[in-house]
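Heads up: the sequence shown at position 144 corresponds to 144 in the numbering used here, and the numbers run straight through without jumps. No residue lacks a Cβ here, since even glycine has one placed at the ideal position from N, Cα and C. For reference, the structure discussed in these notes is given below.
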Amino acid sequence: ARAVRTAYDGGPVAVRSSATAEDLADASFAGQQDTYLNVNGADAVLAAVVDCWASLWTTRAMAYRRRQGPDAVSIAVVVQRMVQAESSGVMFTANPANGRRDQTAISAAWGLGESVVGGIVSTDDLVVDAAGVLSRHTADKREMTVYSPTGTEQQPVPAQRRTAPVLDDAAAIELARLGTRIAEHFGAPQDIEWARADGAFSVVQSRPITALPEPVGDRPTTWARPDPTGLYFRASIVEQMPDPLTPLFADLVDGSVGRSISALMAQAFGDDVLEPDDIGLPTINGYAYYHYRLAAFRRILWKSPAAVKMLMGPPATVGGVTGWRDRSHPRYVAAVATWAARAAADIPSVELIDGVATLLDAGTEYYTAVQSIVPLAATSELTFRAFHDRLVRRNGEPAGYTFLLGFDSQPIRAEKSLYDLATAARADPGLAGALSGVEPAMLVGDDSAPDGVDPGAWAVWRAQFRRHLDRFGHTVYNLDFADPVPADEPGPLLDTVRFYLTGQGTDPHERQARVVDDRERWTGVVRARLDPARRA
Numbered sequence: 001a002r003a004v005r006t007a008y009d010g011g012p013v014a015v016r017s018s019a020t021a022e023d024l025a026d027a028s029f030a031g032q033q034d035t036y037l038n039v040n041g042a043d044a045v046l047a048a049v050v051d052c053w054a055s056l057w058t059t060r061a062m063a064y065r066r067r068q069g070p071d072a073v074s075i076a077v078v079v080q081r082m083v084q085a086e087s088s089g090v091m092f093t094a095n096p097a098n099g100r101r102d103q104t105a106i107s108a109a110w111g112l113g114e115s116v117v118g119g120i121v122s123t124d125d126l127v128v129d130a131a132g133v134l135s136r137h138t139a140d141k142r143e144m145t146v147y148s149p150t151g152t153e154q155q156p157v158p159a160q161r162r163t164a165p166v167l168d169d170a171a172a173i174e175l176a177r178l179g180t181r182i183a184e185h186f187g188a189p190q191d192i193e194w195a196r197a198d199g200a201f202s203v204v205q206s207r208p209i210t211a212l213p214e215p216v217g218d219r220p221t222t223w224a225r226p227d228p229t230g231l232y233f234r235a236s237i238v239e240q241m242p243d244p245l246t247p248l249f250a251d252l253v254d255g256s257v258g259r260s261i262s263a264l265m266a267q268a269f270g271d272d273v274l275e276p277d278d279i280g281l282p283t284i285n286g287y288a289y290y291h292y293r294l295a296a297f298r299r300i301l302w303k304s305p306a307a308v309k310m311l312m313g314p315p316a317t318v319g320g321v322t323g324w325r326d327r328s329h330p331r332y333v334a335a336v337a338t339w340a341a342r343a344a345a346d347i348p349s350v351e352l353i354d355g356v357a358t359l360l361d362a363g364t365e366y367y368t369a370v371q372s373i374v375p376l377a378a379t380s381e382l383t384f385r386a387f388h389d390r391l392v393r394r395n396g397e398p399a400g401y402t403f404l405l406g407f408d409s410q411p412i413r414a415e416k417s418l419y420d421l422a423t424a425a426r427a428d429p430g431l432a433g434a435l436s437g438v439e440p441a442m443l444v445g446d447d448s449a450p451d452g453v454d455p456g457a458w459a460v461w462r463a464q465f466r467r468h469l470d471r472f473g474h475t476v477y478n479l480d481f482a483d484p485v486p487a488d489e490p491g492p493l494l495d496t497v498r499f500y501l502t503g504q505g506t507d508p509h510e511r512q513a514r515v516v517d518d519r520e521r522w523t524g525v526v527r528a529r530l531d532p533a534r535r536a
């Protein structure tokens with residue numbers, strides 16, 4: 001602690017990890033340890049250093065290491081002075097799209113690089129070689145990450161900068177040359193995080209590219225739009241389709257999205273607002289895009305200007321909470337219950353594909369309705385935090401997010417359920433020992449108890465595990481049904497149970513209780529100083 005206090009001379013800093021398990025040849029470990037930005041004050045820096053060290057032993061990080069290795073790992077913590085970045089991004093000194101070592105790929109955005117690395121904001125993308133800029137895609141950059149008194153926050157990009165290039169050709173070439181020098185220094189292609197302030201570039205981090213293909217010939221970088229005058233974009237539900245779609249899912253989801261949005265629009269504006277082909281979800285180079293026909297906008301504008309505003313804003317603020325609660329959610333639950341009661345192997349192929357389409361229609365309408373609620377929830381949270389931090393908070397008191405922590409949510413319930421599974425298994429030494437080597441398939445099949453395990457204890461525990469899968473095993477990262485959900489491949493969930501069985505990880509019940517106690521304590525402090533009339 002003394003060394004940190006001595007070295008720290010004030011000003012905002014970043015506190016980030018440098019672990020021996022990071023940037024391996026076959027696993028980057030990106031995001032497994034915590035990073036803290038815009039940390040101010042010696043006490044805050046020391047606390048961030050401790051938290052960064054501790055993040056090596058979170059359940060998430062340990063489960064990742066169990067799958068990827070290695071078991072032995074050490075961590076150092078790096079404290080860097082924050083760059084007052086006007087723009088930032090990442091740079092690959094070899095082109096990951098084609099493996100070309102003579103090409104540099106650059107992604108750039110306004111503001112801080114935190115959201116660029118996390119894939120949260122849109123970026124300008126450039127490819128540069130020794131002769132100059134080979135290609136450039138300039139995005140509509142709607143949001144950027146900036147400093148705030150409590151760390152960082154998202155802000156809208158000023159209108160005049162949204163479609164302006166972050167880097168002109170001269171700056172891109174200068175940055176690429178800097179990347180070449182760094183790659184030559186380390187003797188290998190590098191993945192570099194950079195920031196720019198007052199026209200000067202700073203390198204925040206450089207690490208080897210962990211998975212670079214062998215060089216191949218140039219691949220196409222542009223693809224024709226099926227409707228040259230239509231509007232195409234990737235947002236909302238499409239963000240849950242990050243990879244190229246499988247053919248069956250692509251065929252089914254295209255019509256399903258159009259029908260779901262049309263249904264929601266019809267609720268608000270009448271049945272004749274949209275025609276069947278006005279909205280779709282076609283694929284271009286395998287990736288899904290929202291597609292709106294331009295001609296439809298003219299017709300919709302004539303019929304309902306408000307409908308155009310909704311289409312151009314966050315998808316489907318139509319219906320709001322009422323539409324989700326009274327229509328799309330009950331319909332989705334009913335569709336799932338109907339088809340879950342039947343064994344897929346016993347359903348004729350034609351009927352099965354109809355069932356898939358029915359479930360997809362209900363699910364798409366449900367997710368579209370959920371998207372209509374998310375902006376309301378986000379706005380209410382941001383409004384509360386801004387109100388508290390600017391008008392209520394006093395020196396020494398925590399930021400507004402403290403009052404929003406500790407409430408039950410599905411991720412917290414799922415984590416507690418896994419911990420309870422480990423606790424139940426630990427009560428039976430034979431069962432706990434068997435779980436260290438059992439195959440995940442035994443937990444979802446009808447296999448008998450492993451050797452040395454009481455059949456009754458095995459049946460009870462397996463039933464508890466299956467209840468966890470029924471309740472939490474259908475969460476998805478990718479909506480394409482070709483991707484298995486945890487209920488189909490429960491191996492990672494079993495790994496988490498095993499970690500808890502070895503005594504690693506923290507009790508989520510206790511962790512939540514501490515957060516709740518902290519929230520309630522500070523709530524009492526704030527309430528005590530409010531005027532009694534207001535409190536009533």
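Give me, in chain order, the residues of the same chain whose beta-carbon lies closer than 6 Å to that of Asp125; leave out the 5 immediate sequence neighbours on both sides. Ser107, His137
For Gln103, three-class secondary structure by DSSP: coil
Pull up the CB-CB distance for Thr364 and Ser236, whole angstroms please, since I reckon it's below 8 Å. That pair is no contact at about 11 Å.
Limits of the alpha helix (DSSP H) - the one that Gly433 falls within: 429 to 435
So which of Asn98, Gln154, Ile209 has the shortest CA-CA distance to Ile182? Ile209
Is the number of C-beta pairs between the region 439 to 449 and the region 414 to 429 that are closer than 8 Å three or more? no
When Thr283, Val78, Ala335, Phe387 are compared against Pro247, the one with the closest alpha-carbon: Thr283
Close Cβ partners of Val146 (< 6 Å) along its chain, the five nearest in sequence each way excluded: Gly111, Gln155
Other residues of its chain near Trp53: CB distance less than 7 Å, five sequence neighbours each side excluded: Ile75, Val77
Which value, in whole angstroms, describes the spacing of the CA atoms of Pro12 and Asn95? 33 Å
Just the Cα atoms here: how many angstroms apart are Phe249 and Ala295? 27 Å
Any beta carbon of chain C sitting closer than 8 Å to that of Val515? Of the protein chains in the structure, only one exists, and it is not chain C.
Span of the alpha helix (DSSP H) around Asp495: 491 to 501
Can you confirm whether the region 192 to 208 touches the region 78 to 97 when touching is taken to mean that 3 or more C-beta pairs between the two stretches lie within less than 8 Å? yes
How many angstroms separate the CA atom of Val356 from the CA atom of Tyr401? 41 Å
Out of Glu214, Thr123, Trp522, Gly456, state which residue places its alpha-carbon closest to the alpha-carbon of Gly99. Glu214
Same chain, Cβ closer than 6 Å to Ala434, neighbours up to 5 away in sequence not counted: Pro450, Val453
Helix, strand or coil, according to DSSP, for Phe201 in the structure here? strand
Taking all protein chains shown into account, do 16 or more other C-beta atoms lie within 10 angstroms of the C-beta of Glu496, making it buried, or fewer, making it exposed? The question names Glu, but residue 496 in the sequence shown is Thr. By the neighbour-count rule (16 or more Cβ atoms within 10 Å), Thr496 is buried.
Taking Ala482 as the reference, give the member of Arg511, Leu178, Leu252, Thr150 with the closest Cα. Leu252
By DSSP's criteria, His137 is part of a beta bridge. Which residues make up the other side? Asp125
Between the CA atoms of Val216 and Asp102 - distance to the nearest angstrom: 12 Å
Looking only at its chain, what residues have a beta carbon closer than 7 Å to the beta carbon of Pro244, apart from the 5 residues adjacent to it on each side? Gly286, Tyr287
Beta-carbon contacts of Thr150 that lie in its chain and below 6 Å, excluding the five residues immediately before and after: Ala399
Is the beta carbon of Asn38 sitting closer than 8 Å to the one on Pro242? no
Cβ of Ser256 within 8 Å of Cβ of Leu360? yes
Could you say which of Gln512, Ala344, Gly396 lies nearest to Trp522 if we only look at CA atoms? Gly396
Where Tyr366 sits in the DSSP three-state scheme: helix
Quick one: grab the DSSP three-state call for Leu212. coil
With Val90 and Asp191 assumed to form a contact (beta carbons below 8 Å), what rounded beta-carbon distance in angstroms separates them? 7 Å
Can you give me the C-alpha to C-alpha distance between Val133 and Gly113, rounded to a whole angstrom? 22 Å
Look up Phe407 in the DSSP assignment and say whether it is helix, strand or coil. coil
Pro226 to Ala369, Cα distance in whole Å? 27 Å
Indicate whether Leu540 and Pro484 have their beta-carbon atoms separated by less than 8 Å. Beyond the ends of the chain as shown, which are 1 and 536, falls residue 540; an answer cannot be given.
Rounded C-alpha distance that separates Arg527 from Val515: 18 Å
By the 10 Å Cβ neighbour count, where 16 or more other Cβ atoms means buried, how is Ala341 classified, buried or exposed? exposed
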